[in-house]
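Heads up, the thing below is written out as structure tokens.
Residue numbers (our numbering), protein chains in the order written: chain A, 13 to 238; chain B, 30 to 243.
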């Protein structure tokens, strides 16, 4: 069984990526939301380059956070509705690892495209090119955190009737530390201060989330199929 | 392989139900709607924990390690659990990887090999049911738990089902199925769940003291 575990995780990932490719419009939805929401800020705030450059880190991070929320309620919701969650549980894989595989799938289909779209959005908002690597490193850690915490929250609200409403209320407070450190690292880089500590705190946050979130999500999945 | 399952006291739905099965046995669960047939199957599959009692496999508590128990069980729920966007073959791949079984032979056993490249959304209800049954076969598990397996199947497929049941039981497998119609399971034991008594359900307002209402 232990030999089989990686194969099964890969099989779940492969299945989810295939599904994401078949439903391309759903997959691109969150990236389009990210770009559109980011593009609205220059229209609302006025085209002053100084102001936009100053606000760019916050805008990119908040938009990424909200965009990653969009596909979360379908992450386990669709599996529960059509009975696939029962079948996933019956593969013999521990629920925490099922949750981890689904979280990885969420990152590959949402986090990674957001990461690719973040650089053009940053440039559009006038971010200096030498702070772009810090934006991308920060968002790499940040989107992973979002997938882990988001997946955990999605499994916890799975049985609830107003799950869709509850989900952002659970995820957003838990991800504020990531938002604060990620945007602070960019701010520090733009003002010429040291950005290392902020990114290290972000990485520490991720290191704590990697074991804890799948465990909590696994318990949520068990409760949901009962 | 011997198998003794006893559990008791799923309060409200299942009250002190007990049963024991040996290798090659079959059990039909019958009873009115809402009697708890599906709940009992989910408990036996390890998807649900009973509030009281135990499920024993060869004398050992099966639900102590539910991930291991899952490898012994093939479960067919009342939903077919097929992703409409994936082809039939892709839908079966996860179960094939889990058990190491061959999806092609399982599909031909249920006469759906010709549909393997079709997306599941184009299949009819009966074809989907057959795909779900192919997944049961694919699991290569000794214990089959089937929730109304005959739902939407035509008479030809019922014949296939009879063969599948017979081979599975001759190899020492166990079949537990809920049903409302006769299934091709000769010498099957039968367990009729009584359901709720009418008198247990509060029918009218008079059953409650008036003080509780206001």
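Glycine included, each C-beta is placed from N, C-alpha and C at the ideal position.
For residue 20 of chain A, collect the residues of the same chain with a Cβ closer than 7 Å to its Cβ; drop the 5 residues on either side in sequence, then sort them by chain order.
103 and 105
Could you run through the stretch 81 to 98 of chain A and flag, in chain order, every residue whose CB is less than 8 Å away from some CB of chain B?
94, 95, 96 and 98
Let's test the definition: count the other Cβ atoms within 10 Å of the Cβ of residue 95 of chain A and tell me whether it reaches 16, buried, or not, exposed.
buried
Alpha helix (DSSP H) segments (min. 4 residues) lying fully within the stretch 71 to 101 of chain A
84 to 93 and 96 to 101
So for residue 210 of chain B, helix, strand or coil by DSSP?
coil
Assuming the contact rule is C-beta atoms closer than 8 Å, residue 57 of chain A and residue 63 of chain A should be a hit. Round their C-beta distance to whole Å, please.
6 Å
Here's the rule: buried if 16 or more other CB atoms are within 10 angstroms of the residue's CB, otherwise exposed. What is residue 165 of chain A?
buried
Inside the stretch 109 to 187 of chain B only - alpha helix (DSSP H) runs reaching at least 4 residues
117 to 128, 132 to 138 and 154 to 167
Identified DSSP bridge partners for residue 219 of chain B:
B:57
Output needed in chain order: residues of the stretch 117 to 135 of chain B with a Cβ under 9 Å from some Cβ in chain A.
119, 120, 122, 123, 124, 125, 126, 127, 128 and 129
Mind listing the chain C neighbours of residue 24 of chain A? Cutoff is C-beta to C-beta under 8 Å, in chain order.
Here chain C cannot be found, since the structure's protein chains are A and B.
Please list, in chain order, all residues of the same chain as residue 226 of chain A whose beta carbon is under 6 Å from its beta carbon, the five residues on each side excluded.
108, 111 and 112
First and last residue of the uninterrupted beta strand (DSSP E) at residue 102 of chain B
102 to 105
Would you say residue 118 of chain A faces chain B, with C-beta separation under 7 Å as the test?
no
Which residues share a DSSP beta bridge with residue 25 of chain B?
With chain B covering 30 to 243 only, the question about residue 25 of chain B has no answer from this structure.
Quick one: complete alpha helix (DSSP H) runs, 4+ long, within the stretch 99 to 162 of chain A?
107 to 118 and 124 to 136
Residues that residue 226 of chain A contacts on chain B, provided the C-beta gap is smaller than 7 Å:
The premise fails here: residue 226 of chain A is roughly 14 Å from chain B at the closest Cβ pair, so nothing lies under 7 Å.
Proximal residues of chain B, C-beta to C-beta of residue 125 of chain A below 8 Å:
Per Cβ cutoff of 8 Å: no residues; residue 125 of chain A is ~19 Å from chain B at best.
What is the DSSP secondary structure of residue 47 of chain B, counted as helix, strand or coil?
strand
Residues sharing a beta bridge with residue 86 of chain B, DSSP:
B:89
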